[in-house]
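Okay, so the sequence shown: first residue is 106 according to this note's numbering, each after it adds one.
Yeah, the Cβ is synthetic: ideal placement off N, Cα and C, and Gly gets one too.
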Amino acid sequence: MRERSIFQNISPLDHRYSISEKEVFDAVSVWLSEEASIHACLKAEAALAAAHLRERGKLNETTRQQLEEAVNAVTPEEVYEEEEKTHHNIRALVNTLKKKINPELSPFIHLGATSVDILDTSLAYRMKGVTENVTLPALCKLELRLCDLAEQEAQTPQVGRTHGQHAVPITLGFAIAEYVSRLGKSILEIRRLAALLKGKLAGAVGAYNAVSMISRDPEELERRYLSELDLEPSEHSTQLVEPEYLLRLLLEMNIAFGIIANLADDLRHLQRSEIAELREGFAGTQVGSSTMPQKRNPWNSEHVKSLWKAFMPRVMSFYMDQISEHQRDLSNSASQRFIADYVCGFCMAVSRMSGVIKNISVDRERMLANLNGGAGGVMAEPAYILLAESGVNDAHEVIRRVTLAAEKENLSFSQALRREDTVWRRIGAKMLELGIINDISETLSFFENPARYCGLSAKKAISIARKYRALM
């Protein structure tokens, strides 16, 4: 068939991203390219022939080798040329394979199978393969880098933010540990669901009509067929494997995709000029703007978010492929082909985010400055809690008025609080009682240093990072 430049391809995955994410693209292509799809169908046909031969006591190293050589002899071009005549992809594949194989083995090719016995089985084989060999290793690499960052920055004070506003202090490690935990659970679920993918050899309506004519135990023949591909049978089949096995895997991938997009968004915002707590790696020759030479944009984080925007809506077609009329219609035949695009896009986003985390730089001084900024208002919560603990019923309202006075008079929170002598003494006494300070004179130091009020941030960051590092 005619070769063409990759720049004549339509999908950005096949030109722009096959270059910029070459390693990922090449790894995914082994499982999800059209060549891989045809080869997997050929492997399924060979697996079926092997199952028939084993049932008849004729499977040996010679016949296995003959089947393997025939599979490897078929090219995608030959199959496509045959399909121009048959207008049927699997019949074209069968016809082509039969021409390559020993005539004694040829009758066992596709014997008792319908097209979807090959198509759904080969899709499960490929999806299991790409998940276990490409997607999961990439996810684990990202997760381990997040674990490292969470531990490294477990003690690094950072202002916590809710609704885009300063809330109370945390640590950067604790913020990263959120994604360690969320993504870690999703990785474990993806691993579990990939192992549950199923195939079939149940015939045109799933009732084993054809194989019942050629085997005394059709279900055992099915098990033998699928074992050649390291798969198990769907509990019930129509012409199709139950769609939920694959659907659940794709949905969990989409959950992981959303987690990574959320992380990308957080990292992007923390790189804003007015926040500037983090910065992506930036090559010496890299350009941030065609007109503003000073720009260093968080473009990799934005790229991950953009890939998520492009691929996340594909879930709608995954759901729609769940429905097939009676024992089967063809309404999933085109849409299901785009699963390959989705998985490829997901893997590229994972890889890109892994690179971001590897090269991220942390400005600890800026983090501390942001935490100490805002006149120390982030310390209003401990003041309220301690005052309430001391027995003041309307402690929240008392401290709220202190924050308003600090804002109005341009005072720091600790200065405004210090003016409330009774409140100040009650808070100091309670801190001394609880062992938060060792001397009443330390009260001011506590409220002037928000980094002392980080709760269990460091402890949680370390424990979560260590847990998921072990699980990976």
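From the options, residue whose alpha carbon lies closest to that of residue i
{"i": "residue 269", "options": "379, 205 and 301", "result": "379"}
{"i": "residue 309", "options": "368, 276, 126 and 219", "result": "219"}
{"i": "residue 157", "options": "447, 560, 185 and 212", "result": "212"}
{"i": "residue 360", "options": "343, 532 and 295", "result": "295"}
{"i": "residue 429", "options": "508, 358 and 347", "result": "347"}
{"i": "residue 463", "options": "493, 406, 421 and 324", "result": "406"}
{"i": "residue 210", "options": "159, 542 and 305", "result": "159"}
{"i": "residue 535", "options": "161, 493 and 563", "result": "493"}
{"i": "residue 458", "options": "149, 449, 381 and 372", "result": "372"}
{"i": "residue 338", "options": "374, 300, 355 and 354", "result": "300"}
{"i": "residue 447", "options": "485, 354, 161 and 198", "result": "354"}
{"i": "residue 482", "options": "498, 497 and 510", "result": "510"}
{"i": "residue 196", "options": "224, 175, 292 and 177", "result": "224"}
{"i": "residue 517", "options": "484, 496 and 501", "result": "484"}
{"i": "residue 466", "options": "185, 257, 108 and 417", "result": "257"}
{"i": "residue 377", "options": "226, 131, 402 and 366", "result": "402"}
{"i": "residue 214", "options": "227, 198 and 228", "result": "198"}
{"i": "residue 344", "options": "374, 369 and 313", "result": "313"}
{"i": "residue 116", "options": "502, 449, 504 and 577", "result": "449"}
{"i": "residue 262", "options": "577, 252, 567 and 555", "result": "555"}
{"i": "residue 290", "options": "186, 241 and 114", "result": "241"}
{"i": "residue 108", "options": "124, 182, 375 and 166", "result": "182"}
{"i": "residue 249", "options": "222, 285, 264 and 279", "result": "285"}
{"i": "residue 47", "options": "194, 431 and 456", "result": "Nothing can be reported for residue 47: it is not among the residues displayed for the chain, which extend from 106 to 577."}
Beta bridge counterpart(s) of residue i as assigned by DSSP
{"i": "residue 383", "result": "467"}
{"i": "residue 267", "result": "270"}
{"i": "residue 275", "result": "263"}
{"i": "residue 163", "result": "Beta-bridge pairing links residue 163 to no other residue."}
{"i": "residue 303", "result": "337"}
C-alpha distance - residue i paired with residue j, whole-angstrom precision
{"i": "residue 433", "j": "residue 571", "result": "48 Å"}
{"i": "residue 575", "j": "residue 110", "result": "45 Å"}
{"i": "residue 202", "j": "residue 179", "result": "6 Å"}
{"i": "residue 384", "j": "residue 271", "result": "20 Å"}
{"i": "residue 245", "j": "residue 419", "result": "24 Å"}
{"i": "residue 478", "j": "residue 358", "result": "40 Å"}
{"i": "residue 562", "j": "residue 542", "result": "19 Å"}
{"i": "residue 247", "j": "residue 460", "result": "8 Å"}
{"i": "residue 539", "j": "residue 551", "result": "14 Å"}
{"i": "residue 332", "j": "residue 155", "result": "11 Å"}
{"i": "residue 207", "j": "residue 118", "result": "39 Å"}
{"i": "residue 330", "j": "residue 173", "result": "15 Å"}
{"i": "residue 163", "j": "residue 169", "result": "10 Å"}
{"i": "residue 230", "j": "residue 237", "result": "11 Å"}
{"i": "residue 175", "j": "residue 386", "result": "49 Å"}
{"i": "residue 573", "j": "residue 243", "result": "15 Å"}
{"i": "residue 559", "j": "residue 440", "result": "49 Å"}
{"i": "residue 421", "j": "residue 141", "result": "25 Å"}
{"i": "residue 146", "j": "residue 409", "result": "33 Å"}
{"i": "residue 143", "j": "residue 367", "result": "36 Å"}
{"i": "residue 530", "j": "residue 254", "result": "40 Å"}
{"i": "residue 564", "j": "residue 495", "result": "27 Å"}
{"i": "residue 315", "j": "residue 427", "result": "25 Å"}
{"i": "residue 527", "j": "residue 475", "result": "30 Å"}
{"i": "residue 149", "j": "residue 124", "result": "31 Å"}
Pair within 8 Å by beta-carbon distance, residue i and residue j
{"i": "residue 454", "j": "residue 413", "result": "yes"}
{"i": "residue 451", "j": "residue 362", "result": "yes"}
{"i": "residue 490", "j": "residue 282", "result": "no"}
{"i": "residue 325", "j": "residue 306", "result": "no"}
{"i": "residue 578", "j": "residue 364", "result": "As displayed, the chain neither begins before 106 nor continues past 577, which places residue 578 out of reach and without an answer."}
{"i": "residue 235", "j": "residue 129", "result": "no"}
{"i": "residue 382", "j": "residue 468", "result": "yes"}
{"i": "residue 425", "j": "residue 351", "result": "no"}
{"i": "residue 341", "j": "residue 311", "result": "yes"}
{"i": "residue 137", "j": "residue 445", "result": "yes"}
{"i": "residue 267", "j": "residue 334", "result": "no"}
CB contact below 8 Å: residue i versus chain C
{"i": "residue 303", "result": "No chain C appears in this structure, which consists of one protein chain only."}
Item to check | Within the region 336 to 376, ranges of the beta strand (DSSP E) (whole runs, at least 3 residues) | outcome: none
Next on the checklist: In chain order, what are the residue ranges of uninterrupted alpha helix (DSSP H) at least 4 long that sit wholly in the region 473 to 555?
Outcome noted: 485 to 494, 500 to 514, 518 to 524, 526 to 539 and 548 to 553
Item to check | Secondary structure, beta strand (DSSP E): runs of 3+ residues fully inside the region 109 to 160 | outcome: none
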